[in-house]
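Protein chains: 2
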Amino acid sequence: MHISGGALPRPAETRIMVVANQKGGVGKTTTTVNLAASLALHGARVLVIDLDPQGNASTALGIDHHAEVPSIYDVLVESKPLADVVQPVRDVEGLFCAPATIDLAGAEIELVSVVARESRLQRAISSYEQPLDYVLIDCPPSLGLLTVNALVAGAEVVIPIQCEYYALEGLGQLLRNVELVRGHLNPRLHVSTILLTMYDGRTRLASQVAEEVRSHFGNEVLRTNIPRSVRISEAPSYGQTVLTYDPGSSGSLSYLEAAREIALRGAIPQQEQHNPEGAQ
Amino acid sequence: MHISGGALPRPAETRIMVVANQKGGVGKTTTTVNLAASLALHGARVLVIDLDPQGNASTALGIDHHAEVPSIYDVLVESKPLADVVQPVRDVEGLFCAPATIDLAGAEIELVSVVARESRLQRAISSYEQPLDYVLIDCPPSLGLLTVNALVAGAEVVIPIQCEYYALEGLGQLLRNVELVRGHLNPRLHVSTILLTMYDGRTRLASQVAEEVRSHFGNEVLRTNIPRSVRISEAPSYGQTVLTYDPGSSGSLSYLEAAREIALRGAIPQQEQHNPEGAQ
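First to last, the sequence lines map onto chains G and Y. The first sequence lines up with residues 0 to 279 when you count with numbering that gives the first Met the number 0. The second sequence lines up with residues 0 to 279 when you count with numbering that gives the first Met the number 0.
In structure tokens:
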């Protein structure tokens with residue numbers, strides 16, 4: 000099946016987006032695969048890089064990622080070209096995935112002694128010759144060398160925040176890590192996008208969290224919230240994104256809309272990053 | 000509520016058991032907390048060390064582990080004494096927990112530059128003065144510095160294996176890591192216990208996996224299998240182990256029996272480790 004979301008302007012250069020939140024269960028992988036599929040359905044060429052050893056993004060995209068499959072581990076640790084591990088995603092034209100296998104679980108420690116250990120992913124992406132509009136990187140739920148590699152490779156950080164108790168817990172630590180990487184390794188890095196997930200409009204808690212997040216982050220927060228949805232949760236067990244699993248569902252439509260916002264606003268220009276008080 | 004499992008002989012010295020399997024969803028945390036509770040109900044004094052930043056073992060034991068709670072992060076990174084972070088577990092006498100907070104997600108990278116980075120946990124446990132029969136360490140699903148710290152601190156590795164497709168995937172890598180740590184950092188380390196989880200006796204697959212695991216590992220595999228059980232899965236959301244949540248359930252009884260096996264067989268003597276062909 001092929002479905003389409005309608006074409007949107009493509010970015011002038013590849014936007015590399017790091018989907019990060021070291022807190023588990025906030026919808027990080029779900030956001031990565033569904034935003035990626037939405038952008039592809041809007042007409043873009045999109046690569047998902049699965050950087051979580053559990054390989055849940057690969058599973059959700061229907062990509063085989065058992066131990067013997069060439070994977071992002073080979074790219075990071077064995078210097079294999081990224082092009083050798085990228086697979087097309089069935090059912091969504093323009094969407095590709097570099098899968099993670101369980102080998103990646105050892106990469107955190109194997110990378111410690113590797114040359115240029117923080118910039119292995121950045122180099123691999125730079126050498127990738129196929130045209131891409133977006134690269135979305137799904138990070139593991141920790142702030143180790145894998146996440147650092149993603150932060151060095153990317154320009155934009157996308158943070159999904161679950162509209163639940165303790166929603167902001169751990170965020171300070173993530174933001175400090177972004178600052179550290181920006182200061183030392185990657186001056187282009189900035190938090191470009193906050194996405195509220197598992198939003199239940201009927202609860203007071205959800206709107207309180209949304210309000211708190213908007214007062215903290217302002218313009219970075221997308222107007223679109225992702226609703227709590229059974230269809231979104233079910234899709235991965237069928238090796239699908241919600242966009243192909245149930246195209247008309249509220250979850251599917253909300254991801255298409257979030258992707259449209261991301262495409263239309265473009266990357267926030269760099270100079271504004273250093274002047275958060277300025278008019279945007 | 001206090002329930003009891005009947006007293007068993009206590010070990011001559013503290014047995015430190017590392018519950019590891021970098022593959023997610025195999026019942027690692029479930030095994031840690033339920034074995035620990037079972038051993039405590041059998042009359043032992045047991046400490047669970049939660050080494051996974053997601054803090055699921057802490058949650059399952061009903062231990063508050065929000066960002067401001069003193070945690071194993073403070074022990075590993077800030078050199079706080081272990082005794083300062085240990086909390087008693089409600090409802091199970093003799094059971095204690097050193098919780099994990101989301102801070103721990105950054106520890107993998109913070110530890111890289113710390114003195115004696117591999118043996119921080121080992122030192123902390125050595126300095127702990129309360130008597131303990133068992134320490135069970137719940138590892139994160141990766142083979143980074145946190146898992147290395149656990150492998151340096153412990154003597155026994157406990158591997159839960161899910162009776163499902165690809166059950167043995169990733170095991171080779173885990174065993175190589177155990178060998179590496181044994182060779183360089185901790186000569187006492189050995190795989191003492193394999194526990195088959197999510198066993199469904201009605202399926203051919205489960206018995207095939209069980210057979211394959213038993214032919215690989217032999218004596219290390221416990222006779223008791225843990226059944227696939229809704230009660231085991233539900234208990235954590237009530238901040239409980241299955242032992243207090245539903246003491247009469249098959250899940251509860253199987254963990255009590257597995258704990259009894261572990262207590263009765265004792266730690267496998269060291270000399271047998273280097274002579275796996277010898278009679279045991």
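By construction, the Cβ of each residue, glycine as well, lies at the ideal position given by its N, Cα and C atoms.
Check: For R259 of chain G, which residues of its own chain have a beta-carbon under 7 Å away from its beta-carbon, when the five flanking residues on both sides are left out?; Outcome: L7, H41
Check: Please go through the same chain and pick out, in chain order, the residues whose beta-carbon is closer than 7 Å to the beta-carbon of P275 of chain Y, but skip the five residues on each side of it.; Outcome: Note on P275 of chain Y: pLDDT 41, under 50, position unreliable in the model; the coordinate value appears next. So the list is empty, once near-sequence residues are dropped.
Check: Look up E155 of chain G in the DSSP assignment and give the residues it is bridged to.; Outcome: G:M16, G:H189
Check: Check the Cβ-Cβ distances between N280 of chain G and every residue of chain Y, and say whether any is below 8 Å.; Outcome: Nothing about residue 280 of chain G can be read from this structure; chain G reaches only from 0 to 279.
Check: Using 8 Å as the threshold, is the C-beta distance between L75 of chain G and A149 of chain G below it?; Outcome: no
Check: Could you check what DSSP says for D102 of chain G in three-state terms: helix, strand or coil?; Outcome: helix
Check: With a cut-off of 8 Å on the beta carbons, I'd call Y133 of chain Y and A43 of chain Y a contact; round off their distance for me.; Outcome: 6 Å
Check: Here's the rule I'm using: 16 or more other beta-carbon atoms within 10 Å means buried, otherwise exposed. How should V114 of chain Y be labelled?; Outcome: exposed
Check: At the level of alpha carbons, what is the spacing between R230 of chain G and A59 of chain G?; Outcome: 13 Å
Check: So with Cβ pairs under 8 Å, would you call D83 of chain Y a contact of chain G?; Outcome: no
Check: Does any C-beta atom of chain G lie closer than 8 Å to the C-beta of D314 of chain Y?; Outcome: The requested residue 314 of chain Y does not occur in the structure, where chain Y is confined to residues 0 to 279.
Check: Using a C-beta to C-beta distance shorter than 7 Å, which residues of chain G count as neighbours of I108 of chain Y?; Outcome: L142, G143, L144, V147
Check: Distance, Cα to Cα, E219 of chain Y vs S191 of chain Y?; Outcome: 6 Å
Check: Check whether chain Y comes within 8 Å of Y237 of chain G, counting only Cβ atoms and requiring the distance to be less than that.; Outcome: no
Check: Less than 8 Å between the beta carbons of L144 of chain Y and I108 of chain G, yes or no?; Outcome: yes
Check: Taking its Cβ as the centre, do 16 or more other Cβ atoms sit within 10 Å of A11 of chain G, making it buried, or is it exposed?; Outcome: exposed
Check: Is it a yes or a no for the stretch 65–84 of chain Y touching the stretch 20–28 of chain Y, going by three-plus beta-carbon pairs under 8 Å?; Outcome: no
Check: Considering only DSSP beta bridges, list what A97 of chain G is partnered with.; Outcome: G:I48
Check: Closest Cβ-Cβ distance between H65 of chain Y and chain G: below 8 Å?; Outcome: yes
Check: Kindly identify the DSSP beta-bridge partner or partners of V220 of chain Y.; Outcome: Y:I193
Check: Please state if the CB of V212 of chain G and the CB of N33 of chain G are separated by a distance shorter than 8 Å.; Outcome: no
Check: Do you know whose CA, among Y:A152, Y:G169, Y:I15, lies nearest L142 of chain Y's CA?; Outcome: Y:G169
Check: Taking only beta carbons into account, state which residues of the stretch 10–38 of chain G come closer than 9 Å to chain Y, listed in chain order.; Outcome: Q21, K22, G23, G24
Check: What residue does the alpha helix (DSSP H) around V32 of chain Y start on, and which one ends it?; Outcome: 27–40
Check: To which residues of the same chain is R9 of chain G closer than 7 Å at the C-beta, ignoring the five residues directly before and after it?; Outcome: A43, D132
Check: Determine, for P275 of chain G, whether the minimum Cβ-Cβ distance to residues of chain Y falls below 8 Å.; Outcome: Interpretation of P275 of chain G is limited by its pLDDT of 41, a score under 50 that renders its predicted location unreliable; no figure is taken from the coordinates.
Check: Considering only the beta carbon of each residue, do A104 of chain G and V84 of chain G sit closer than 8 Å?; Outcome: no
Check: CB-CB under 6 Å to N224 of chain G, same chain, minus the five flanking residues each way: which ones, in chain order?; Outcome: L195, Y198
Check: Compare the Cα-Cα distances from S79 of chain Y to each of Y:I124, Y:G247, Y:A234, Y:Q53 and report the closest residue.; Outcome: In the sequence as presented, Ser is not what sits at residue 79 of chain Y; that position holds Lys. Here the closest residue by C-alpha is Y:I124.
Check: Which chain Y residues are close to V229 of chain G, counting only those with a beta carbon under 9 Å from its beta carbon?; Outcome: Those do not exist, as V229 of chain G stays about 18 Å from chain Y at its closest Cβ, beyond 9 Å.
Check: Can you tell which of Y:L184, Y:D63, Y:P246, Y:L255 has its C-alpha closest to the C-alpha of L221 of chain Y?; Outcome: Y:L255
Check: Could you pull out every residue in the same chain whose Cβ sits closer than 7 Å to the Cβ of T146 of chain G, ignoring the five residues on either side in sequence?; Outcome: A19, C138, P139
Check: Quick one: give me the first and last residue of the beta strand (DSSP E) that V134 of chain G is part of.; Outcome: 133–137
Check: State yes or no: is the C-beta of I48 of chain Y within less than 8 Å of the C-beta of E155 of chain Y?; Outcome: no
Check: When Cβ atoms are compared, which residues of the stretch 153–165 of chain G fall closer than 8 Å to chain Y?; Outcome: Y165
Check: From the DSSP secondary-structure annotation, give me the bridge partner or partners of I160 of chain G.; Outcome: G:L195
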